[in-house]
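If you read the sequence shown in UniProt numbering, its first letter stands for residue 1, the second for the next number, and so on. All C-beta atoms in this analysis are idealised placements derived from N, C-alpha and C, irrespective of residue type, glycine included. In what follows, a single structure is set out as structure tokens and then discussed.
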Amino acid sequence: MADGTLRLEIVTPHRRLISAEADEVTAPGFHGEFGVLPGHTPYLVQLGVGILSYRSGSARYFLSIIGGYAEVGPDRVTILTEVAERAEDINTQRARAALHRAEERMMGRSQDSIDFERAELALKRAVTRLGVARQSGMA
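Structure (structure tokens):
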């Protein structure tokens, strides 16, 4: 690993999705987005639904993340998540269809209902996937 970089590992229950050097990482924390640069103070944070991005040199990469945890150290970031998708793995037609279905399910439902909460989470996932595809120029 080069001086002044981070070792980024993104791991799901099924595979190691990313193992790369990064100059910076930005991730969706449960309580808001956070950024990590080399030399960061160690900590553990719960992840939310959102876009994880990292920069390596002049290239920027985007992934959708759905929950999990990030372990941060001065020279590494380890992401443990149930679901992570790279932009090239996202089917934008399916994501748009999921967005439409979630919006329909939310219409006329009480915000207190479990079905509304599930639809809201599905909506966030679809919006995140489409955002990753758009930012990567794949939408």
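Sort the options by Cα distance to residue i and report the nearest one.
i: residue 83; options: 5, 12, 4 and 62; result: 12
i: residue 65; options: 55, 80, 76 and 75; result: 80
i: residue 95; options: 104, 133 and 71; result: 133
i: residue 47; options: 93, 38 and 32; result: 32
i: residue 88; options: 116, 49 and 135; result: 135
i: residue 120; options: 56, 55 and 49; result: 49
i: residue 18; options: 122, 40 and 76; result: 76
i: residue 61; options: 38, 8 and 122; result: 8
Note down the Cα distance separating residue i from residue j, rounded to an integer number of angstroms.
i: residue 73; j: residue 125; result: 28 Å
i: residue 23; j: residue 127; result: 26 Å
i: residue 20; j: residue 92; result: 25 Å
i: residue 116; j: residue 99; result: 14 Å
i: residue 103; j: residue 30; result: 23 Å
i: residue 113; j: residue 14; result: 32 Å
Go ahead and label residue i buried or exposed: buried means 16 or more other beta carbons lie within 10 angstroms of its beta carbon, across all protein chains shown.
i: residue 53; result: buried
i: residue 167; result: The question about residue 167 has no answer here: the residues shown for the chain are numbered 1 through 139.
i: residue 35; result: exposed
i: residue 70; result: buried
i: residue 142; result: Nothing in the structure corresponds to residue 142, since the chain is present only between 1 and 139.
i: residue 85; result: buried
i: residue 129; result: buried
i: residue 137; result: exposed
Output the boundary residues of the beta strand (DSSP E) element that contains residue i.
i: residue 86; result: 83–86
i: residue 78; result: 76–80
i: residue 26; result: 24–29
Could you give the residue range of the alpha helix (DSSP H) that holds residue i?
i: residue 101; result: 92–106
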